[in-house]
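The opening residue of the sequence shown carries number 611 in this note's numbering; numbering runs sequentially from there. Quick reminder that beta carbons are idealized off the backbone N, C-alpha and C, glycines included. Quick caveat: nothing in here was measured; it's all calculated off a predicted structure.
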Amino acid sequence: MTSYVFRSDPGRRHQVLKHGNSLHVDGTASPVRALDPTHYTTLIGARPAHLRVVTHGDEVYLQLNGRSCVIERVDPTRSAAASGAVAQGTSSAPMPGVVVGWLAEPGSRVQAGDALLVIESMKLQMTIEAPQSGTLEDLPFQPGQTFQRGAVLARVRPEETPA
């Protein structure tokens, strides 16, 4: 059995255990069948799902049902500060790429998880989501502009809580 700890979003960590032909994500087991070195099938709940997985160093690029994300392997012995934790309310680039298009406008109200923009990297398109609910303050890169890994792609000012 192989054990990993992954971070899919700032502050969200997942334990993944690989045991034979199954993966256990946060305690939930799913059978996985390799179709080729980068394409797999699995079940999510009772529904079949197709995965495309590309690894590069400690990063895993995952495409599932049309949605893409980057999962970074995390060393659990490092602190959040040492791992370069991202400022609250920002969405940062998981890898270098280009902005394909905006899905929201600066100044608009967004909910945590709302799609803000689409980026492309390594021939994969990924949707960057709002890290928290609030007002979209800034999308620093215009469609067609390139960015480097770690660049802030969106800033969301948190909702004000009544006093």
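query                                                                                             : result
P706, enclosing beta strand (DSSP E) - first and last residue                                     : Here P706 belongs to no beta strand (DSSP E), and DSSP marks it neither H nor E.
G694 in three-state terms, based on DSSP                                                          : Residue confidence for G694 is low, a pLDDT of 38 falling below 50, so the modelled location carries little weight; the figure read from the coordinates is stated next. In the structure shown, G694 sits in coil (DSSP, three-state: anything other than H, G, I, E or B).
Closest Cα partner of V709 within the set Q721, L727, S718 and S702                               : L727
Contact check, S632 vs L653, beta carbons under 8 Å                                               : no
Rounded separation between A699 and P753 - CA only                                                : Before going further, note that residue 699 is Gly rather than Ala in the sequence given. Rounded to the nearest angstrom, the two C-alpha atoms are 21 Å apart.
Close Cβ partners of R643 (< 8 Å) along its chain, the five nearest in sequence each way excluded : N631, Y650, T651 and T652
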